[in-house]
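Q: Protein sequence lines, in the order shown, are assigned to chains A and B. Residues 89 to 200 (my numbering) make up the first sequence, in order. Residues 21 to 454 (my numbering) make up the second sequence, in order. For every residue, glycine included, the Cβ atom is placed at its ideal position computed from N, Cα and C. All values reported here derive from a predicted model rather than from experimental measurement. This structure is in structure tokens; I'll ask about it shortly.
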Amino acid sequence: MKLITAILKPFKLDDVKDALQAAGITGMTVSEASGFGRQRGHTEVYRGAEYTVDLVPKVRLEVLVDDKDANSVVDVIVKAASTGSIGDGKVWTTPVDQVVRVRTGEKGSDAI
Amino acid sequence: MEEIVLNGGDTAWMLASTALVLLMTPGLALFYGGMVRTKSVLNMMMMSMVTIGIVSVLWVIYGFEIAFGHKADSPWYGGIGLSGLGSSVNEFANNGGIYPIPLLVFAAFQLMFAIITPALISGAIADRAKFSAWAIFVAIWSTLVYFPVAHWVFAFGNKVGDTVTGVGYLASKGVQDFAGGTAVHINAGAAGLALAIILGKRIGWRKESMRPHSLPLVMLGAALLWFGWFGFNAGSSLAANGIAGLAFINTQVATAGAVLGWLLVEKLRNGHATSLGAASGAVSGLVAITPACAFVAPWAAVVIGFIAGILCSLAVSLKYKFGFDDSLDVVGVHLVGGIWGSLSIGLFGASAVNSIGLDGIFYGGGTDLMVKQLLGVGVVAAYSFIATLIIGFAIEKTIGFRVTREVEIEGIDLKEHAESAYEMTSSSRGGGSL
């Protein structure tokens, strides 16, 4: 099994969510995140004092999938999240040892 | 002698004005509270709240006596003694003439001014003052600075027949300050500068982010200040009359002009008109029109406000040039705005709008009035700055004025008050009685 983590522009979340649901993905976890890569933050001015805000608001989306589905799901996310401009985010996968569905106790692929 | 009859209309307006002026201090707490970081909001607000407590009590015991008593017949203070205000129940207000309102209503109205003045200072020392030290400072500063200065400026003496006793020094010199440009704003601004110097800069000043944590709170505070200020200025006529009406409209239009002036500077300098700029501009206009509101025509009030917005928006950057951490710009807004407003009377003063007023430079009155205004500005600023340096230094050397490094970094709300303004995580337990 794999955990797919995607850092997205917040306004692309709905597009990615719809694309994943169309691709048959039934569950995901979304959280608000902030950070920066090549895209830098912005400046704000309060009473003449300038503050540089390095961290840009982003959304972190996490999906658990079977090994065989991982590549295609990553493709779906990348396609839906892309705007072509700087700051579109990143997607990566990590191996997962075990998954358990809390309610039923099902394990492994059955729990996804 | 003609029998004086209590005037219900005047008394009703003064009671309402008094409540309006009280509201300014919680408004100030919101205005200042929104501008600090999440870890020190409550401390910022508590500095205002405890000031309401301390000054109100002192006022009854001896504060009103020092400011508005007449027993001493001195230009410097009204009287020294425990008044308790108990014997004043059936008296009329007498301040250079008898007003048909109860003396206790006058005492309550003036109390609200005595409260907000020290509260204004707290913005200069945000995030880092020991709460107990602040409380002691408020008591000493009110006693040695505000109460006497209020006498210099606002006490027009006790009139019996044709004799007037106990006129304040600046009032006797003809300094015009209708609602407190000198006694309130210059006084608080100069004291704020002194305390910012005594306490030193916040840890991380100009390195860490110290962005205002809640601009909606700032806006709410500014709205309450603006609303309350109608009582502050129009109430200072001590009557529901034409002068109150003049002060009222001048308060409105000067503030409006100042909002525009501040936003214009921001737009030209930084490219964006900000909400903090609008709120700050409003306060700078309110400050500037305070001394002038009953002495100038409404068109002049617009000009005074507009210039105040421009001046103060530029003045708030001075602290970076000179390197003092006047955290919430008590100097840039109250000292600079107060000085401008007080001097503006020397330019725009018009006896045509107020028979007790004088003509300023633009109305053919020459520089006489301006010289008086300069005296008022200079005397109050110098006394407040020096006295506050001494009081602040004495507190710093005895009990210490500033919290420890640990408290300041972890957050003064948590360490000084054992509270947090906002629940960031729900990891607390308990609720049983102590």
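Quick check on Val336 (chain B) - is its C-beta less than 7 Å from some C-beta in chain A?
A: Residue 336 (chain B) sits at position 316 when you count from the first residue of the second sequence. True, the Cβ-Cβ gap to chain A drops below 7 Å.
Q: Residues in the stretch 291–314 of chain B with C-beta within 8 Å of chain E's C-beta atoms, listed in sequence order?
A: Annotation note: the requested chain E is absent from the structure, which comprises protein chains A and B.
Q: Quick one: which chain A residues come within Cβ less than 8 Å of Arg231 (chain B)?
A: To locate residue 231 (chain B), count along the second sequence from 1; it is residue 211. Here the neighbours are Glu132, Tyr134, Tyr139.
Q: Helix, strand or coil for Lys97 (chain A)? Go by DSSP, reduced to three states.
A: The residue given as residue 97 (chain A) occupies position 9 in the first sequence. Coil, per DSSP.
Q: With 16 as the cutoff for other CB atoms within 10 Å, does Gln109 (chain A) come out buried or exposed?
A: Numbered from its first residue, the first sequence carries residue 109 (chain A) at position 21. Gln109 (chain A) should be labelled exposed.
Q: Could you tell me which chain A residues have their CB closer than 8 Å to the CB of Asp346 (chain B), listed as they occur along the chain?
A: Counting from 1 along the second sequence, the entry for residue 346 (chain B) is found at position 326. Going along chain A, no residue has its Cβ under 8 Å from Asp346 (chain B), so there is no contact; the nearest lies around 11 Å.
Q: Express the C-alpha separation of Val151 (chain A) and Leu42 (chain B) in angstroms, rounding to a whole number.
A: Counted from its first residue, the second sequence places residue 42 (chain B) at position 22. Counted from its first residue, the first sequence places residue 151 (chain A) at position 63. Their backbone Cα atoms lie some 56 Å apart in a straight line.
Q: Report the start-end ranges of each alpha helix (DSSP H) in the stretch 289–325 of chain B that is 4 residues or longer and not cut off at the edges.
A: The stretch 289–325 of chain B contains these whole alpha helix (DSSP H) runs: 295–312.
Q: Are the CB atoms of Ser333 (chain B) and Trp282 (chain B) within a distance shorter than 7 Å?
A: Against the second sequence, residue 282 (chain B) aligns to sequence position 262. Against the second sequence, residue 333 (chain B) aligns to sequence position 313. In contact: Trp282 (chain B) and Ser333 (chain B) (Cβ atoms closer than 7 Å).
Q: Count the CB pairs spanning the stretch 153–171 of chain A and the stretch 96–114 of chain A that are closer than 8 Å, and state whether there are at least three.
A: Judged by Cβ distances under 8 Å, the stretch 153–171 of chain A makes contact with the stretch 96–114 of chain A, as three or more pairs qualify.
Q: Quick one: which residues of the stretch 134–152 of chain B get their C-beta closer than 8 Å to a C-beta of chain A? List them in chain order.
A: Residues: none.
Q: If you measure between the beta carbons of Ser68 (chain B) and Leu48 (chain B), is that distance less than 7 Å?
A: On the second sequence, position 48 is the one that residue 68 (chain B) refers to. On the second sequence, position 28 is the one that residue 48 (chain B) refers to. Cβ atoms of Ser68 (chain B) and Leu48 (chain B): closer than 7 Å.
Q: Examine the Cβ distances between the stretch 123–137 of chain B and the stretch 189–204 of chain B and report whether three or more of them are shorter than 8 Å.
A: At 8 Å Cβ cutoff, the stretches touch.
Q: With DSSP as the reference, label Arg422 (chain B) as helix, strand or coil.
A: To locate residue 422 (chain B), count along the second sequence from 1; it is residue 402. Three-state DSSP puts Arg422 (chain B) in a strand.
Q: Taking the alpha-carbon positions, what's the Leu284 (chain B) to Ile330 (chain B) distance?
A: Counting from 1 along the second sequence, the entry for residue 284 (chain B) is found at position 264. Counting from 1 along the second sequence, the entry for residue 330 (chain B) is found at position 310. In a straight line, the C-alpha of Leu284 (chain B) is about 8 Å away from that of Ile330 (chain B).
Q: Among B:Val391, B:Phe344, B:Leu348, which has the Cα closest to the Cα of Leu367 (chain B)?
A: Numbered from 1 along the second sequence, position 347 holds the residue referred to as residue 367 (chain B). Of the listed residues, the one whose Cα sits closest to Leu367 (chain B) is B:Val391.
Q: To the nearest angstrom, report how far apart Ile381 (chain B) and Val109 (chain B) are at their CA atoms.
A: Locating residue 381 (chain B) in the second sequence gives position 361, counting from the first residue. Locating residue 109 (chain B) in the second sequence gives position 89, counting from the first residue. Those two C-alpha atoms are separated by around 44 Å.
Q: Measure the C-alpha to C-alpha separation of Gly212 (chain B) and Gly53 (chain B) and round it to an integer number of angstroms.
A: Within the second sequence, residue 212 (chain B) is the residue found at index 192, counting from 1. Within the second sequence, residue 53 (chain B) is the residue found at index 33, counting from 1. Cα to Cα, Gly212 (chain B) sits roughly 17 Å from Gly53 (chain B).
Q: If you reduce the DSSP assignment to three classes, tell me which class Ala402 (chain B) lands in.
A: Your numbering for residue 402 (chain B) matches position 382 in the second sequence. In this structure, Ala402 (chain B) counts as helix in the three-state DSSP scheme.
Q: Could you tell me whether any non-hydrogen atom of the ligand NAD is closer than 6 Å to the CB of Tyr119 (chain B)?
A: As far as ligands go, the structure on display features none, and thus does not contain the ligand NAD.
Q: By DSSP's criteria, Gly177 (chain A) is part of a beta bridge. Which residues make up the other side?
A: What you label residue 177 (chain A) is simply residue 89 of the first sequence in a count that begins at 1. According to DSSP, Gly177 (chain A) bridges with A:Leu96.
Q: To the nearest whole angstrom, what separates the beta carbons of Gly35 (chain A) and Leu143 (chain A), a pair I think is in contact under 8 Å?
A: This structure leaves residue 35 (chain A) out entirely; chain A is present only between 89 and 200.
Q: Whose CA, out of B:Ile72, B:Ala335, B:Ser364, B:Lys59, lies closest to the CA of Ala146 (chain B)?
A: Taking the second sequence and counting its residues from 1, the one referred to as residue 146 (chain B) is at position 126. For the residues B:Ile72, B:Ala335, B:Ser364, B:Lys59, the minimum Cα distance to Ala146 (chain B) belongs to B:Lys59.
Q: Check whether the stretch 105–120 of chain A and the stretch 259–275 of chain B are in contact - that is, three or more C-beta pairs closer than 8 Å.
A: Flag = no, the stretch 105–120 of chain A and the stretch 259–275 of chain B do not touch.
Q: Going along the chain, which residues of its own chain have a beta-carbon closer than 8 Å to the beta-carbon of Val188 (chain A), five neighbours each way excluded?
A: Here residue 188 (chain A) refers to the residue found at position 100 of the first sequence. Counting only Cβ-Cβ distances below 8 Å, and skipping sequence neighbours, we find Glu194, Lys195, Ala199.
Q: By a C-beta neighbour count over all protein chains shown, 10 Å radius and 16 as the cutoff for buried, is Asp345 (chain B) buried or exposed?
A: As a working note, residue 345 (chain B) is residue 325 in the second sequence. The residue in question, Asp345 (chain B), is buried, as its Cβ has 16 or more Cβ neighbours within 10 Å.
Q: Would the beta-carbon of Phe247 (chain B) fall within 7 Å of that of Gly277 (chain B)?
A: Residue numbering aside, residue 247 (chain B) sits at position 227 when the second sequence is read from its first letter. Residue numbering aside, residue 277 (chain B) sits at position 257 when the second sequence is read from its first letter. No, the Cβ-Cβ distance between Phe247 (chain B) and Gly277 (chain B) is not below 7 Å.
Q: For the stretch 172–196 of chain B, which residues have a beta carbon sitting closer than 8 Å to at least one beta carbon of chain A?
A: Hits within the stretch: zero.
Q: Note down, in chain order, every chain A residue with its Cβ under 8 Å from the Cβ of Asp349 (chain B).
A: Position 329 of the second sequence, counted from the first residue, corresponds to residue 349 (chain B). Residues of chain A passing the Cβ test: Arg135.
Q: What are the boundary residues of the beta strand (DSSP E) that includes Gly123 (chain A)?
A: On the first sequence, residue 123 (chain A) is found 35 positions in, with the first residue counted as 1. Taken as a continuous stretch (DSSP letters only), the beta strand (DSSP E) holding Gly123 (chain A) covers 117–123.
Q: Label Lys287 (chain B) either buried or exposed according to how many other C-beta atoms from any shown protein chain fall within 10 Å of its C-beta, with 16 as the threshold for buried.
A: Mapped onto the second sequence, residue 287 (chain B) falls at position 267. It counts as exposed.
Q: Report all residues from its chain with a CB closer than 8 Å to the CB of Arg231 (chain B); omit the five preceding and five following residues, and keep chain order.
A: Taking the first residue of the second sequence as 1, we reach residue 231 (chain B) at position 211. Cβ within range, chain order: Arg57.
Q: With respect to the alpha helix (DSSP H) encompassing His130 (chain A), which residues constitute its N-terminal and C-terminal limits?
A: Reading the first sequence from its first residue, position 42 is the one you call residue 130 (chain A). Careful: His130 (chain A) lies outside any alpha helix (DSSP H), inside the beta strand (DSSP E) at 130–134.
Q: Which partner residues does Asn178 (chain B) have in the DSSP bridge list?
A: The sequence position of residue 178 (chain B) within the second sequence is 158, counting from 1. Answer is B:Thr185, bridged to Asn178 (chain B).
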